[in-house]
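J.: This structure is in structure tokens; I'll ask about it shortly.
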Amino acid sequence: MNLFQALFKTRKHQFKKLKAVFGFLYGLLLGLGFYALILTDLNFLPSSAIIVGILLSLMLAFGIAFSSQIRCISVLSLPVFAGKSGRGVQYSLILFIVIAGPLENISNNGREVVRVFACSASFTYNITKTRFELMFKPFTQALFGMKTEVNEVKDTLRSVKDLSAPITGEVENDKEMRKLKEENDYVDGLQGDTKRSLDIENKHLTKGEQIEAARYEEHYLEKVELRCNQQFSSAAMRCRQMFQSTYDRCYDAVSWAAAWLLCWPMKLDFVCNIAQALGGSSRCDPSGEIDPGFGKGYDYLKKSRESLTKNFKNVKLQYKLSKIKHLVNLQDSADTAKAIEHEVDEKKSMLEKIFIALKRILAFLLLWIIVKSQSYHDKFLRNIEFDNVYITKYFRKIDARRKAAGKSVLFPLKKFERTKLVELWSRRYLKNEKKYLLVQSLKLLIEVLFISTFVLIDRLFYEALDLVRRHAKIEYTQVGHHDLYLEIKGTGMIASLLRSVVKGFNIKKRIKLKYMARFALLVS
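What the sequence shown shows, in the numbering used here, is residues 119 to 642, in sequence order.
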């Protein structure tokens with residue numbers, strides 16, 4: 119007797135230990151299969167799924183090992199699952215699997231499409247930004263840098279004013295002239311001469327209708343001549359002081375009577391009139407030493423300084439950043455892509471929750487198979503007319519016993535009986551079974567065609583995205599140059615100032631950038 123016969127073709131009390139061992143293993147396999155195929159796909163916590171799987175496996179293992187009814191119900195669940203009651207569950211499972219797979223795949227690929235859209239938008243933005251920076255950013259930097267250049271110009275003009283201040287003091291300062299006049303007038307008074315300062319003043323007297331340049335020149339000539347005369351006056355004063363000092367020492371050295379006789383030559387200080395001795399005030403005429411046009415040059419210098427100072431006194435560099443009016447509900451490509459991606463994520467999350475709920479509902483529908491198997495088991499044992507069309511080994515034993523007793527028997531079967539009774543190990547279909555099989559095959563074909571549309575749509579979407587994935591590699595080389603050179607000709611101060619102002623506009627910029635983007639779409 120082989121193992122199959124020992125397990126399935128022996129009496130209940132035979133091979134109990136062997137049946138218990140194989141029943142225990144069979145129950146464990148059923149529990150593990152239920153855990154792997156159903157529990158792990160219901161999005162329970164891993165620990166909860168493992169605990170439920172272990173408890174269910176142990177319950178099935180011990181139940182099948184020690185209970186013939188549980189063994190019978192577990193075996194009956196297979197034909198019930200393939201019968202009328204189970205086909206509804208099968209249809210639900212198959213329809214859910216076929217629809218849920220493509221829908222989930224489409225949602226995942228849709229999210230990738232949105233991500234690729236955002237990536238391509240950023241890619242385009244970066245390229246455009248680089249081009250505009252090459253064109254306009256140098257001008258922006260130059261304009262912002264002009265504020266520093268203007269301050270530099272102001273410092274230069276301030277230095278010009280500082281440099282011209284000593285010249286202005288030399289030409290126009292009257293304080294020194296008053297002091298020189300006082301010293302010369304004092305010496306002239308001691309010597310009894312006419313005041314040279316009056317002669318010099320009359321000589322260089324200017325009239326109101328004279329031009330400004332001539333007035334500056336005459337004024338400076340007067341100052342120079344007063345300085346020259348002051349040198350003579352200083353020499354005369356030192357000479358007179360020497361005569362007076364010598365007379366005092368002589369007077370102290372001898373008696374007063376001898377002093378009158380010996381010291382009187384020290385009173386001859388008229389010899390100290392050096393100016394008259396050297397030819398008078400004509401020796402200090404500066405007109406031959408000062409270059410002609412001195413007044414015009416100084417007048418031009420003064421007016422130029424005043425003009426530069428006045429024009430650059432309140433120079434302010436102002437710029438205005440144009441603000442684009444904010445438009446309501448206006449979004450750029452990046453924000454739009456993020457909004458779409460967020461909305462897709464919300465829809466995908468909602469779809470996943472619906473799928474999880476449907477999976478759990480379908481998992482509980484499997485209990486309907488167990489309930490129907492239990493119902494069939496109870497009806498078959500309690501109602502002799504319920505599905506009593508199978509010719510079993512026990513049925514043949516009863517028929518043989520009736521034949522030995524001389525009673526009416528069923529075997530051999532009559533022709534019409536063969537269409538109603540079923541041999542357990544016969545592969546021949548009954549007439550109603552053939553008809554039922556044909557109808558169900560047609561229904562199955564229609565269902566296959568209906569379900570195939572979802573598969574084909576998913577495949578079409580897959581092929582489209584796979585085409586993009588295989589050909590979405592973009593290589594972009596951006597080459598550009600921006601040259602601008604402003605040349606200021608000249609060697610003067612104004613040319614230098616202009617060079618310092620416009621040097622920020624001298625631009626020589628090169629770019630050579632390579633971009634590469636490959637949009638990795640998720641296709642499955």
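Virtual Cβ for every residue (Gly too), placed ideally from N, Cα, C.
1) Just the C-alpha distance for Val540 and Leu476, rounded to the nearest angstrom, thanks.
2) Excluding the 5 residues flanking Val198 on each side, which residues of the same chain have their C-beta closer than 6 Å to its C-beta?
3) Shorter than 8 Å from the beta carbon of Phe140 to some beta carbon of chain D?
4) If I measure Cβ to Cβ from Arg345 and keep anything under 7 Å in the same chain, skipping five residues before and after, which residues do I get?
5) Under the DSSP definition of a beta bridge, which residues are partnered with Ile625?
6) In this structure, does DSSP put Lys202 in helix, strand or coil?
7) Would you kindly check if the distance between the Cβ of Ala200 and the Cβ of Ala138 is under 8 Å?
8) Starting from Cys357, trace the alpha helix (DSSP H) both ways and give me its first and last residue.
9) Comparing C-alpha positions only, which one of Ile575, Leu631, Asp576, Val586 sits nearest to Glu596?
10) Is it the case that the stretch 534-549 contacts the stretch 502-521, given that we only count it when at least three CB pairs across the two stretches are under 8 Å?
11) What residue does the alpha helix (DSSP H) around Arg587 start on, and which one ends it?
12) Evaluate Glu327 with the Cβ neighbour count: other Cβ atoms within 10 Å of its Cβ, from every protein chain shown; 16 or more gives buried, anything less gives exposed.
13) Measure the CB-CB distance between Leu148 and Ser192 and report whether it falls below 8 Å.
14) Look at the alpha carbon of Ser352 and the alpha carbon of Glu343, and state the distance between them as a whole number of angstroms.
15) With three or more beta-carbon pairs closer than 8 Å as the criterion, would you say the stretch 227-235 touches the stretch 457-471?
16) Relative to the C-alpha of Tyr580, which candidate in Arg333, Asn223, Val170 has its C-alpha closest?
17) Rounded C-beta distance between Tyr416 and Val289? I'm assuming under 8 Å.
18) Assuming Phe162 is part of the alpha helix (DSSP H), what are its boundary residues?
19) Alpha carbon to alpha carbon, how far is Glu336 from Asp403?
20) May I ask you to list the residues that DSSP assigns as paired with Val540?
21) Tell me, please, which residues DSSP counts as bridged to Val597.
22) Is it buried or exposed for Pro195, if we count other Cβ within 10 angstroms and need 16 for buried?
23) For Phe473, which residues in the same chain have their Cβ closer than 6 Å to its Cβ, ignoring the five residues on either side in sequence?
24) Note down, in chain order, each residue of its chain lying with its Cβ closer than 8 Å to the Cβ of Lys134, except the 5 sequence neighbours on either side.
25) DSSP on Met523, reduced to helix/strand/coil?
26) Between the stretch 601-611 and the stretch 561-579, do three or more beta carbon pairs fall short of 8 Å?
27) Just to confirm, is the Cβ distance from Leu146 to Ser175 under 8 Å?
28) Mapping the DSSP letters down to three states, classify Gln187 as helix, strand or coil.
T.: Considering the structure as presented:
1) 39 Å
2) Gly204, Ile487, Lys490, Ser491
3) This model lacks chain D altogether; it includes just one protein chain.
4) Leu298
5) Leu602
6) helix
7) no
8) 330-371
9) A quick correction: the sequence has Gln, not Glu, at residue 596. That would be Leu631, whose Cα lies nearest to the Cα of Gln596.
10) yes
11) 549-589
12) With a pLDDT of 40 at Glu327, under the threshold of 50, the modelled position of this residue cannot be trusted; read the value that follows with caution. Per the 10 Å Cβ criterion, exposed.
13) yes
14) 14 Å
15) yes
16) Asn223
17) 6 Å
18) Per DSSP, Phe162 belongs to no alpha helix (DSSP H) and is neither H nor E.
19) 12 Å
20) Tyr508
21) Lys630
22) Sequence inspection shows Ser at residue 195; the Pro mentioned does not correspond to that position. Buried.
23) Ala218
24) none
25) The identity of residue 523 in the sequence shown is Ala, whereas the question assumes Met. Ala523: coil per DSSP, three-state reduction.
26) no
27) yes
28) helix
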